[in-house]
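Chains as they are written, first to last, in numbering that gives the first Met the number 0: chain A, 0 to 324; chain B, 0 to 324. Built from N, CA and C at the ideal position, the CB exists for glycine as well. Notes to accompany the following structure.
2 protein chains.
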Amino acid sequence: MAKPVLTILTGNREVTGLENLRALADVRLAADDAELADALPGTEIVYLWNYFADGLRSGWDRADALKWVHLPAAGVDRLIFPELAASDVTVTNARGIFDTAMAEYALAGILYFAKNLPQARMNQAERRWQHFGTSNLAGTRALVAGTGSIGRTTARLLRAVGIPADGLGRTARDGDADFGAVFASADFASVAGNYDWVVLVAPLTADTRGMLDAEVLGAMRSSAVLVNMGRGDLVVQAALERALRAGEIRGAVLDVTSPEPLPKPSPLWGLENVLITPHLSGDSRSHLPAMAAQFEANLRAYLAGRPLENVVDKQLGFVASPTGG
Amino acid sequence: MAKPVLTILTGNREVTGLENLRALADVRLAADDAELADALPGTEIVYLWNYFADGLRSGWDRADALKWVHLPAAGVDRLIFPELAASDVTVTNARGIFDTAMAEYALAGILYFAKNLPQARMNQAERRWQHFGTSNLAGTRALVAGTGSIGRTTARLLRAVGIPADGLGRTARDGDADFGAVFASADFASVAGNYDWVVLVAPLTADTRGMLDAEVLGAMRSSAVLVNMGRGDLVVQAALERALRAGEIRGAVLDVTSPEPLPKPSPLWGLENVLITPHLSGDSRSHLPAMAAQFEANLRAYLAGRPLENVVDKQLGFVASPTGG
């Protein structure tokens with residue numbers, strides 16, 4: 000049987016596990032979106048090792064043999080466009096790869112504020128040995144918006160350190176294995192005031208865009224901290240800036256912003272109660288090999304005619320699963 | 000029966016639970032060391048709510064009725080002096096009160112470096128959205144020097160987030176409930192290279208003073224981070240400064256220094272790979288009420304002729320227990 004044509008968007012970065020893929024498929028390498036579009040005729044599988052904005056979309060007319068697109072990321076919101084959604088092309092993602100790193104990132108952000116490390120840094124810059132208040136995790140509560148694999152891993156880690164976590168998902172439900180209770184996203188504002196930590200890991204969809212708005216911010220405790228590891232557009236960023244400046248909430252840990260990179264003039268950069276990282280919460284020493292192994296395993300399944308893992312529901316915008324969000 | 004005379008060193012700070020104590024004892028309040036020394040004649044119990052250096056020592060000749068001294072702290076190294084050690088006076092401490100807060104502080108310090116928040120802060124100050132490396136806790140290992148209640152609570156919390164922790168205590172032993180293995184402090188240098196995180200919570204004694212010296216620092220991984228929540232003098236601070244400056248270890252989280260307050264000219268203040276806090280790792284919203292309740296319970300035991308809790312072995316310098324260090 001002839002090997003399928005696999006086009007990899009590399010972004011001129013080394014593709015982990017490339018030799019293994021060459022043994023399984025007829026590999027074409029595309030450095031950027033333009034090369035990807037040119038390589039689409041005859042391509043059966045696209046592997047977006049390095050993801051840009053719209054190579055697939057701009058070359059869609061030339062995708063005459065495309066069956067499967069793999070995006071080694073958790074969120075597929077920037078990938079999906081109407082023609083792709085309406086097509087029979089399968090989309091898979093890297094569900095599961097980033098769970099542990101992101102859960103740990105959330106805990107790092109929570110402890111950063113619980114132990115008042117922003118104050119520690121300010122005092123240290125002035126060589127000032129002066130007592131300041133700190134608080135314990137024990138007795139606090141978290142709300143995790145997004146009940147997929149990242150949200151679940153986060154909830155389990157938080158519970159392990161003494162923070163019970165409730166969830167916010169598409170539909171309310173009881174008896175969840177990882178969350179104390181799951182509330183419907185529509186009720187965000189009515190429950191937000193019960194938590195010390197609000198963690199966003201929901202996929203960006205029409206339903207979740209702007210879910211953290213002025214109303215929710217107004218309902219949050221003034222001592223509450225937001226951790227956003229999902230997408231910047233889950234938040235009405237202007238409302239968040241106002242709330243942070245006014246002290247309506249204690250602080251924010253932002254691994255994602257709108258847009259990215261966050262422009263230099265953004266007032267968020269200068270706020271002492273904000274910690275910004277450049278969309279790296281899912282990183283770890285092992286995430287590249289894990290991403291490569293996950294795609295290779297799926298490619299072997301594809302070649303053997305077995306079902307693929309982590310197939311994205313292109314209407315929902317994420318991998319739907321019995322425990323999904 | 001006449002109430003015993005209880006002298007409280009207040010430091011002019013409000014004494015939590017004072018009214019309860021007045022019901023149980025004939026309370027004298029001493030604002031400072033001089034007033035404490037003056038109040039000693041006839042005093043049966045001294046409660047060092049606010050601890051200074053040497054009121055008890057300087058007034059020792061006048062301590063004609065003293066039976067019991069309570070220090071609501073974990074470390075008693077600054078309290079004990081030869082005459083007190085040689086006397087029949089019982090010394091108790093606040094064992095257990097600080098465990099959770101200190102374990103959480105250690106985890107905060109570990110995550111601060113694992114997720115490279117020092118780099119995040121530097122980039123943020125320059126409004127720079129630039130990727131940097133982070134690492135996962137999963138797969139790392141910790142060594143906790145000090146196997147008393149604080150060390151055990153720390154080990155349990157670290158294990159809960161995926162970091163197996165070994166211990167360093169007076170004597171090596173296997174089969175510990177909280178530690179994977181416990182090594183003898185004398186072997187610190189030979190085992191230090193096996194860990195990503197080295198946490199110091201040992202009591203300061205003749206045996207532990209300067210336990211983290213140039214030899215141990217040289218044996219530690221260049222990627223390792225030190226968290227010192229014990230006493231500044233557990234560390235040969237000049238050697239630590241050299242190691243931090245030379246990049247021999249990754250960083251240090253110092254809640255204790257030598258001396259305290261850390262003098263403004265200390266180079267430690269200015270090192271980007273050092274996080275300094277002013278001896279607050281044991282603090283929490285609940286620690287004052289918990290300290291007050293612990294002393295009151297012990298006072299009731301004393302009045303009833305029952306054995307006191309948390310009696311310090313004045314020769315060892317800490318509360319000896321079946322699971323102690």
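Proximity test, Cβ basis, 8 Å: residue i and chain A
{"i": "B/Q123", "result": "yes"}
{"i": "B/T139", "result": "no"}
{"i": "B/T15", "result": "no"}
{"i": "B/A100", "result": "yes"}
{"i": "B/L106", "result": "yes"}
{"i": "B/K114", "result": "yes"}
{"i": "B/G323", "result": "Confidence is the limiting factor: at B/G323 the pLDDT is only 39, short of 50, which leaves the residue's position unreliable, though a coordinate-based value still follows. No - not a single Cβ of chain A is within 8 Å of the one on B/G323."}
{"i": "B/R120", "result": "yes"}
{"i": "B/T91", "result": "no"}
{"i": "B/Y111", "result": "yes"}
{"i": "B/L233", "result": "no"}
{"i": "B/L279", "result": "yes"}
is_contact[residue i, chain B] using C-beta, thresh 8 Å
{"i": "A/W128", "result": "yes"}
{"i": "A/S222", "result": "no"}
{"i": "A/D282", "result": "yes"}
{"i": "A/K66", "result": "no"}
{"i": "A/S257", "result": "no"}
{"i": "A/T9", "result": "no"}
{"i": "A/S189", "result": "no"}
{"i": "A/G184", "result": "Position check: residue 184 of chain A holds Ser in this sequence, whereas Gly was assumed. No, because no Cβ of chain B sits closer than 8 Å to the Cβ of A/S184."}
{"i": "A/S57", "result": "no"}
{"i": "A/E103", "result": "yes"}
{"i": "A/T133", "result": "yes"}
{"i": "A/K2", "result": "no"}
Alpha-carbon to alpha-carbon, residue j and residue i
{"i": "B/P258", "j": "B/R230", "result": "10 Å"}
{"i": "A/T204", "j": "A/P117", "result": "33 Å"}
{"i": "B/Q293", "j": "A/P163", "result": "27 Å"}
{"i": "A/S280", "j": "B/G250", "result": "21 Å"}
{"i": "A/V4", "j": "A/D60", "result": "17 Å"}
{"i": "A/E308", "j": "A/A319", "result": "11 Å"}
{"i": "A/I44", "j": "A/S86", "result": "14 Å"}
{"i": "A/T153", "j": "A/F51", "result": "28 Å"}
{"i": "A/G54", "j": "A/A62", "result": "11 Å"}
{"i": "A/G323", "j": "A/A100", "result": "With a pLDDT of only 39 at A/G323, under the threshold of 50, the placement of this residue in the model should not be trusted; the figure read from the coordinates follows. When rounded, the distance between both Cα atoms is 19 Å."}
{"i": "A/L302", "j": "A/K2", "result": "9 Å"}
{"i": "A/G108", "j": "A/D165", "result": "18 Å"}
{"i": "B/D173", "j": "B/R151", "result": "15 Å"}
{"i": "B/A238", "j": "B/T207", "result": "16 Å"}
{"i": "A/T6", "j": "A/H69", "result": "11 Å"}
{"i": "A/A180", "j": "A/L216", "result": "21 Å"}
{"i": "A/V234", "j": "A/A171", "result": "21 Å"}
{"i": "B/F80", "j": "B/M210", "result": "22 Å"}
{"i": "B/P321", "j": "B/A201", "result": "Any reading at B/P321 must be qualified, since the residue scores a pLDDT of 46, below 50, and its modelled position is unreliable; the value itself is stated next. Straight-line Cα distance between these residues: approximately 16 Å."}
{"i": "B/H286", "j": "B/R94", "result": "12 Å"}
{"i": "B/T42", "j": "A/Y194", "result": "48 Å"}
{"i": "A/Q129", "j": "A/G74", "result": "43 Å"}
CB contact flag (residue i, residue j, <8 Å)
{"i": "A/E295", "j": "A/L20", "result": "yes"}
{"i": "A/R120", "j": "B/R120", "result": "yes"}
{"i": "A/V32", "j": "A/S57", "result": "Checking the displayed sequence, the identity of residue 32 of chain A turns out to be Asp instead of Val. Cβ distance < 8 Å, so A/D32 and A/S57 count as in contact."}
{"i": "A/L110", "j": "B/E240", "result": "no"}
{"i": "A/G392", "j": "A/S221", "result": "Lying outside 0 to 324, the shown extent of chain A, residue 392 of chain A is not represented and no answer is given."}
{"i": "B/L274", "j": "B/T256", "result": "no"}
{"i": "B/A105", "j": "B/V198", "result": "yes"}
{"i": "A/V88", "j": "A/K66", "result": "yes"}
{"i": "B/A24", "j": "B/T9", "result": "no"}
{"i": "A/D278", "j": "A/D312", "result": "The question names Asp, but residue 278 of chain A is His in the sequence shown. Contact: no."}
{"i": "B/W48", "j": "B/V14", "result": "yes"}
{"i": "B/A141", "j": "B/W196", "result": "yes"}
{"i": "A/S184", "j": "A/L167", "result": "yes"}
{"i": "B/L270", "j": "B/L298", "result": "no"}
{"i": "A/T133", "j": "B/D282", "result": "yes"}
{"i": "B/A289", "j": "B/I96", "result": "yes"}
{"i": "B/A159", "j": "B/Q314", "result": "no"}
>> In chain order, what are the residue ranges of uninterrupted alpha helix (DSSP H) at least 4 long that sit wholly in the segment 220-264 of chain A?
In response: 236-245
> Whole beta strand (DSSP E) runs in the segment 78-108 of chain B with 3 or more residues, listed along the chain?
Replying inline: 89-92
> Got a sec: which bits of the segment 137-169 of chain A sit with their beta carbon under 7 Å from any beta carbon on chain B, in order along the chain?
Replying inline: A137, L156, A159 and V160
> Can you give, in chain order, each stretch of the alpha helix (DSSP H) that sits fully within the segment 127-211 of chain B and has at least 4 residues?
Replying inline: 148-159 and 187-190
> Got a sec: which bits of the segment 261-275 of chain B sit with their beta carbon under 7 Å from any beta carbon on chain A, in order along the chain?
Replying inline: L261, K263, W268, L274 and I275
>> Tell me which residues of the segment 38-50 of chain A have at least one Cβ-Cβ distance to chain B shorter than 8 Å, keeping chain order.
In response: none
> Can you give, in chain order, each stretch of the beta strand (DSSP E) that sits fully within the segment 30-78 of chain A and has at least 3 residues?
Replying inline: 44-46 and 67-70
>> Report the start-end ranges of each alpha helix (DSSP H) in the segment 281-308 of chain B that is 4 residues or longer and not cut off at the edges.
In response: 286-302
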